[in-house]
Amino acid sequence: MFLWGTATAAYQIEGAVAEDGRGPSIWDTFAHQPGKIRDGHTGDTACDHYHRWPEDVELMAAAGLNAYRFSVAWSRVLPAGRGQVNAKGLDFYDRLVDALRARDIAPVLTLYHWDLPQALEDEGGWMNRDISGYFADYAGIVAERLSDRVEWWITLNEPFVHLVYGYALGTHAPGRTLFLDALPVAHHQLLGHGLAVQSLRAAGAEQVMITNNCTPVWPATDSPADLAAADAYDTLHNRLFTDPILIGKYPDMSAFGTLDAVQDGDLATIAQPLDGLGINYYNPTRIAAPTTDLLPFDDAGITGYPTTAFGWPVVPDGLRELLVTLKSRYGPALPPVHITENGCSHDGLDDRFRIDYLDGHLAALAQAQAEGVDVRGYFAWSLLDNFEWAEGYHQRFGLVHVDFATQARTPKASYHWLRQHLSQH
Ligand code: FCB
Numbered sequence: 011m012f013l014w015g016t017a018t019a020a021y022q023i024e025g026a027v028a029e030d031g032r033g034p035s036i037w038d039t040f041a042h043q044p045g046k047i048r049d050g051h052t053g054d055t056a057c058d059h060y061h062r063w064p065e066d067v068e069l070m071a072a073a074g075l076n077a078y079r080f081s082v083a084w085s086r087v088l089p090a091g092r093g094q095v096n097a098k099g100l101d102f103y104d105r106l107v108d109a110l111r112a113r114d115i116a117p118v119l120t121l122y123h124w125d126l127p128q129a130l131e132d133e134g135g136w137m138n139r140d141i142s143g144y145f146a147d148y149a150g151i152v153a154e155r156l157s158d159r160v161e162w163w164i165t166l167n168e169p170f171v172h173l174v175y176g177y178a179l180g181t182h183a184p185g186r187t188l189f190l191d192a193l194p195v196a197h198h199q200l201l202g203h204g205l206a207v208q209s210l211r212a213a214g215a216e217q218v219m220i221t222n223n224c225t226p227v228w229p230a231t232d233s234p235a236d237l238a239a240a241d242a243y244d245t246l247h248n249r250l251f252t253d254p255i256l257i258g259k260y261p262d263m264s265a266f267g268t269l270d271a272v273q274d275g276d277l278a279t280i281a282q283p284l285d286g287l288g289i290n291y292y293n294p295t296r297i298a299a300p301t302t303d304l305l306p307f308d309d310a311g312i313t314g315y316p317t318t319a320f321g322w323p324v325v326p327d328g329l330r331e332l333l334v335t336l337k338s339r340y341g342p343a344l345p346p347v348h349i350t351e352n353g354c355s356h357d358g359l360d361d362r363f364r365i366d367y368l369d370g371h372l373a374a375l376a377q378a379q380a381e382g383v384d385v386r387g388y389f390a391w392s393l394l395d396n397f398e399w400a401e402g403y404h405q406r407f408g409l410v411h412v413d414f415a416t417q418a419r420t421p422k423a424s425y426h427w428l429r430q431h432l433s434q435h
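Okay, so the sequence shown: first residue is 11 according to this note's numbering, each after it adds one.
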């Protein structure tokens, strides 16, 4: 059965950051630092989903959705990241999973959507190789409790974005500005993924994937310099996170330095067999030859397409292009694909813009299927307007509007459109 869902992430919707024994995460710390988040917003309350989840599950059920991708906050389960387990944290997700299943909504659980327990950041965060093992321990603890009822397990969300924004540029938590010295974060996340797959399987998890942020890379021109720059960008954004997982080796990273964090045996650990590959698609990236010596590429920007409230170009066919490229790149090593996020920020309840966005991307998905790509699910980002990281509550990605003063939920036109669409499919 094709999975139709929405996707969310713990810190973006839950709130209740100091309740029932939850420990602090890097996002609590970061959001409370002045100047990090637009207008000083924080996720302290967010959508108050921690208390309002029954209403949110009803909204999904009423839309006719049959799956829901959510993330578990590591620091609810292990307040210090390792050691003492907080039973109340596990209980929350246990109740949520039961409620979803009672409504025939398949739980798709992401273990890590960027909210590292602060105590582990204090030990070096993902720059520290030991974090990979702690992540696997945490994965096992969650799976011991929920593997009998969770349909799909996702280890990491977008390790590329976490590397670049969190550790290289510092615009996301933990706010580190290591630039290319952050590369070990990529390897330690991938190693954590591989180790977590092993502990998930040992705890009875049946279907496991990872979610990568992927982008089609367009060279600005076909000059050799632009082509080389596009190739370097494709390596960093796409292949660095997909090659080791699917074919057990790193791409040539020499344009960026050396991956000296890699130890013997790591690649075999990383390349665990998977049941699926999660892809988050938002837009293509156009790349030109570098004009500085900081990086081997420049972002040349894309013009000539509509843009979302965030300024992101809307290119539905980029989804087809991405999927077809993945299939030709990996061939039989590509497992069935799920689009684990796709969506746009746009204001207002009458969101014709979002309807057109969804309609266009679903058509592109169908086209990719017609071209032979095995796609098994689509998750719209997002169910609710929520805390959009450095942008705070300014970017509204929800199918359902949230009034953050009252927490009132109001389905938008796009929600009704999707319900109608699903009733015909
Ligand atoms: C993705 C993130 C998700 C959300 C969307 C808009 O990169 O995974 O949490 O912020 O972008």
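We treat Cβ as the ideally placed atom computed from N, Cα and C, and that holds for glycine.
These numbers were taken from a predicted model, which means no experiment stands behind them.
Tell me which residues share the same chain as residue i and place their Cβ nearer than 7 Å to its Cβ, disregarding the 5 neighbours each side in the sequence.
{"i": "residue 362", "result": "423"}
{"i": "residue 71", "result": "113, 115"}
{"i": "residue 392", "result": "16, 17, 18, 353, 407, 408"}
{"i": "residue 154", "result": "213"}
{"i": "residue 28", "result": "none"}
{"i": "residue 365", "result": "423, 424, 427"}
Determine the closest residue to residue i out of the options, with distance taken between C-alpha atoms.
{"i": "residue 319", "options": "397, 313, 405", "result": "405"}
{"i": "residue 42", "options": "169, 100, 185, 104", "result": "185"}
{"i": "residue 323", "options": "310, 335, 59", "result": "310"}
{"i": "residue 167", "options": "315, 21, 11", "result": "21"}
{"i": "residue 326", "options": "217, 292, 401, 299", "result": "292"}
{"i": "residue 108", "options": "86, 64, 263, 297", "result": "64"}
{"i": "residue 359", "options": "337, 420, 370", "result": "420"}
{"i": "residue 447", "options": "172, 265, 394, 125", "result": "An answer regarding residue 447 cannot be provided, because it is not within the stretch 11 to 435 covered by the chain."}
{"i": "residue 228", "options": "222, 243, 218, 217", "result": "243"}
{"i": "residue 188", "options": "272, 101, 304, 83", "result": "304"}
{"i": "residue 91", "options": "125, 266, 306", "result": "125"}
{"i": "residue 222", "options": "398, 160, 336, 274", "result": "336"}
{"i": "residue 24", "options": "45, 433, 152, 102", "result": "102"}
{"i": "residue 122", "options": "36, 386, 388", "result": "36"}
{"i": "residue 161", "options": "396, 387, 432", "result": "387"}
{"i": "residue 345", "options": "104, 411, 253, 98", "result": "253"}
Taking CB distances under 8 Å as the criterion, tell me whether residue i reaches chain C.
{"i": "residue 77", "result": "Structure shown: chain C not included; a single protein chain is present."}
Hey, how far is the Cα of residue i from the Cα of residue j?
{"i": "residue 255", "j": "residue 135", "result": "22 Å"}
{"i": "residue 413", "j": "residue 301", "result": "44 Å"}
{"i": "residue 297", "j": "residue 241", "result": "9 Å"}
{"i": "residue 215", "j": "residue 234", "result": "47 Å"}
{"i": "residue 119", "j": "residue 270", "result": "32 Å"}
{"i": "residue 377", "j": "residue 95", "result": "46 Å"}
{"i": "residue 283", "j": "residue 289", "result": "17 Å"}
{"i": "residue 308", "j": "residue 220", "result": "28 Å"}
{"i": "residue 316", "j": "residue 58", "result": "33 Å"}
{"i": "residue 403", "j": "residue 40", "result": "16 Å"}
{"i": "residue 138", "j": "residue 372", "result": "40 Å"}
{"i": "residue 93", "j": "residue 190", "result": "32 Å"}
{"i": "residue 84", "j": "residue 106", "result": "16 Å"}
{"i": "residue 164", "j": "residue 218", "result": "6 Å"}
{"i": "residue 81", "j": "residue 398", "result": "15 Å"}
{"i": "residue 151", "j": "residue 268", "result": "34 Å"}
{"i": "residue 429", "j": "residue 205", "result": "39 Å"}
{"i": "residue 46", "j": "residue 55", "result": "17 Å"}
{"i": "residue 133", "j": "residue 140", "result": "9 Å"}
Less than 8 Å between the CB atoms is what I'm expecting for residue i and residue j, so what's the real figure, rounded?
{"i": "residue 116", "j": "residue 76", "result": "6 Å"}
{"i": "residue 401", "j": "residue 79", "result": "That belief does not hold up - the Cβ atoms of residue 401 and residue 79 are roughly 21 Å apart, past 8 Å."}
{"i": "residue 208", "j": "residue 281", "result": "With a Cβ gap of about 12 Å, residue 208 and residue 281 do not count as contacting."}
{"i": "residue 343", "j": "residue 368", "result": "Not confirmed; about 30 Å, so no contact."}
{"i": "residue 278", "j": "residue 210", "result": "Going by Cβ atoms, the distance from residue 278 to residue 210 rounds to 17 Å, so no, they are not a contact pair."}
{"i": "residue 32", "j": "residue 417", "result": "Not confirmed; about 19 Å, so no contact."}
{"i": "residue 384", "j": "residue 334", "result": "That belief does not hold up - the Cβ atoms of residue 384 and residue 334 are roughly 12 Å apart, past 8 Å."}
{"i": "residue 193", "j": "residue 266", "result": "7 Å"}
{"i": "residue 34", "j": "residue 88", "result": "With 8 Å as the limit, residue 34 and residue 88 do not qualify as a contact, their Cβ atoms being about 12 Å apart."}
Among the residues of its own chain, which have a CB less than 8 Å from the CB of residue i, if the five just before and after it don't count?
{"i": "residue 250", "result": "170, 196, 260, 261, 263"}
{"i": "residue 329", "result": "291, 349, 352, 371, 374, 375, 378"}
{"i": "residue 199", "result": "136, 142, 166, 169, 172, 173"}
{"i": "residue 331", "result": "226, 294"}
{"i": "residue 177", "result": "135, 136, 137, 184, 186, 188, 192, 195"}
{"i": "residue 104", "result": "155, 156"}
Excluding sequence positions up to five away, which residues of its chain have a Cβ less than 6 Å from the Cβ of residue i?
{"i": "residue 202", "result": "142, 145"}
{"i": "residue 51", "result": "402, 403"}
{"i": "residue 60", "result": "24, 25, 26"}
Check whether the Cβ of residue i lies closer than 7 Å to any heavy atom of the ligand ZN, and answer yes or no.
{"i": "residue 430", "result": "Among the ligands modelled here, namely the ligand FCB, the ligand ZN does not occur."}
Going along the chain, which unbroken runs of the beta strand (DSSP E) with 3 or more residues stay wholly within the segment 53-118? Counting only runs of 3 or more, we get 77-81.
Residue ranges of each alpha helix (DSSP H) run of no fewer than 4 residues wholly in the segment 132-193, ordered along the chain? 140-156
Entirely within the segment 362-401 and at least 3 residues each: give me those beta strand (DSSP E) ranges in chain order. You should have 385-391.
Within the segment 218-302, ranges of the alpha helix (DSSP H) (whole runs, at least 4 residues): 234-244, 250-257, 276-280
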